[in-house]
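For the sequence shown, my numbering begins at 343 and goes up steadily by one. Think of the CB as a built atom: it goes at the ideal place given N, C-alpha and C, for glycine as much as any other residue.
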Amino acid sequence: MKLKDKVAIITGGGRGLGRSVALAFGRQGAKIVLAARGKGEIDQLAEQLRALRKDAIAVPTDISDEDQVNHLIERTLEAYGTVDILVNNAGARGPIGPIHNTSLSDWERALRVNLTSAFLCSKAVLPTMMGKKEGKIIIVATTMTLRPNLTPYMVAKAGLIHFAKQLSRELKEYNIQVNVIHPGVMDTRMQEEIRTAGTQAIGTDMFERLKEEGILQSPDEPAKLILFLASTAADGINGEYLSFDDKAVKSLIFQT
Ligand SMILES: NC(=O)c1ccc[n+]([C@@H]2O[C@H](COP(=O)([O-])OP(=O)(O)OC[C@H]3O[C@@H](n4cnc5c(N)ncnc54)[C@H](OP(=O)(O)O)[C@@H]3O)[C@@H](O)[C@H]2O)c1
Numbered sequence: 343m344k345l346k347d348k349v350a351i352i353t354g355g356g357r358g359l360g361r362s363v364a365l366a367f368g369r370q371g372a373k374i375v376l377a378a379r380g381k382g383e384i385d386q387l388a389e390q391l392r393a394l395r396k397d398a399i400a401v402p403t404d405i406s407d408e409d410q411v412n413h414l415i416e417r418t419l420e421a422y423g424t425v426d427i428l429v430n431n432a433g434a435r436g437p438i439g440p441i442h443n444t445s446l447s448d449w450e451r452a453l454r455v456n457l458t459s460a461f462l463c464s465k466a467v468l469p470t471m472m473g474k475k476e477g478k479i480i481i482v483a484t485t486m487t488l489r490p491n492l493t494p495y496m497v498a499k500a501g502l503i504h505f506a507k508q509l510s511r512e513l514k515e516y517n518i519q520v521n522v523i524h525p526g527v528m529d530t531r532m533q534e535e536i537r538t539a540g541t542q543a544i545g546t547d548m549f550e551r552l553k554e555e556g557i558l559q560s561p562d563e564p565a566k567l568i569l570f571l572a573s574t575a576a577d578g579i580n581g582e583y584l585s586f587d588d589k590a591v592k593s594l595i596f597q598t
């Protein structure tokens, strides 16, 4: 088992990509901590994992709130005594529309949920990881392809890429690897929301690009890349932005 007894926090762990990651990590022996705002999905998945004789807890958390993030880490340490892996996966698409119609509060909220959250979660796990000189942080960003009318979300995600690279350098001496991925276009609720927002709100461009990029994939596929990055097989990979649209990156998952 590739993650035997490793303690992994997965934000946005109740559905979509986070759910796929939790199931993949569970199969590889990890102890899972699921975080999301809604209690229902993470409770249900934690129960499902425990029914499969995996260790799992659910901690309702808004990752844009520092106190709630600190509580998430406290609960993790209380339950499992340490933390080895952080998957900064939770995200929200934010406002759709042109910048001149975007309110300051919508802009700030999009940055807080998608970018500041990674700062808060990383900061909270670092004392434990630095203390043991070991850790893996995997951040879920998105494509660098331009997506007009999704600017707050895309800017926050671009910030995540640089955040991961900066952090990887700061933490190199502590044997903590930080990497950031684009998971590709996945058939999840977020994708459904973007599609149902309609071409009027988002422009036909986006839909044409989605078609060009091929059919929507199951989140189980990019979850394999996250599993690879969380495993010791990826110890030599640090500060990289890996796109699951890239064939060479896809081939990495066969190394797990
Ligand atoms: N789907 C795609 O095609 C695609 C493409 C590129 C990148 N991504 C990225 O992949 C990641 C996973 O997305 P997905 O498609 O799986 O989306 P999803 O199905 O909508 O899941 C998002 C998860 O994030 C949680 N979440 C949202 N806001 C939160 C907050 N403030 N605090 C804590 N949890 C929060 C949600 O739970 P609650 O609502 O209960 O909080 C949910 O568990 C995201 O970072 C997304 O930006 C997705």
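| said: Within a Cβ cutoff of 7 Å, which residues of the same chain sit near L594, ignoring the five residues on either side of it in sequence? | reply: L567, F570
| task | Return yes when the C-beta of T444 is under 6 Å from any heavy atom of ligand 1, and no when it is not. | result | no
| request: Pick helix, strand or coil for T353, following the three-state DSSP scheme. | output: strand
| query | Taking the C-alpha atoms as reference points, what is the distance between P561 and D529? | reply | 7 Å
| query | With L387 and L394 assumed to form a contact (beta carbons below 8 Å), what rounded beta-carbon distance in angstroms separates them? | reply | That belief does not hold up - the Cβ atoms of L387 and L394 are roughly 11 Å apart, past 8 Å.
| Does any heavy atom of ligand 1 sit closer than 6 Å to the C-beta of G354? | yes
| Cα-Cα separation between I427 and I384, rounded to whole angstroms | 18 Å
| task | Report buried or exposed for S510, applying the criterion of at least 16 other Cβ atoms within 10 angstroms of its Cβ. | result | buried
| query | Can you round the beta-carbon distance between G355 and A364 to whole angstroms, since I take them to be within the 8 Å contact cut? | reply | 5 Å
| task | To the nearest angstrom, report how far apart P469 and Q390 are at their CA atoms. | result | 31 Å
| query | In this structure, does DSSP put V467 in helix, strand or coil? | reply | helix
| message | Nearer than 6 Å: is that true of the beta carbon of G436 relative to any heavy atom of ligand 1? | response | no
| request: Kindly indicate which residue of D409, Y583, A506 has the alpha-carbon position closest to the one of I479. | output: A506
| field | Secondary structure of M486, DSSP reduced to three states | value | coil
| What separation, rounded to the nearest whole angstrom, lies between the Cα atoms of L502 and V349? | 23 Å
| message | Along the chain, where does the alpha helix (DSSP H) containing Q533 start, and where does it finish? | response | 531–538
| field | Inter-residue Cα distance where the pair is I441 and L488 | value | 14 Å
| request: From the DSSP output, read off the bridge partner residues of S585. | output: H524
| field | Runs of beta strand (DSSP E) wholly within the stretch 352–435 (minimum 3 residues, chain order) | value | 373–378, 398–402, 427–430
| request: Find the nearest neighbour of G433 within the set Y495, Y516, K589, judged by alpha-carbon distance. | output: Y495
| said: Shorter than 6 Å, the distance from the beta carbon of P525 to the closest heavy atom of ligand 1, or not? | reply: yes
| request: Please determine, among D409, V401, K344, D448, the residue with the shortest C-alpha to C-alpha distance to T493. | output: D448
| message | Classify Q508: buried if its beta carbon has 16 or more other beta carbons within 10 angstroms, exposed otherwise. | response | exposed
| query | Assuming P525 and F596 make a contact with CB atoms under 8 Å, what is their CB distance in whole Å? | reply | So it is not a contact: roughly 17 Å between Cβ atoms.
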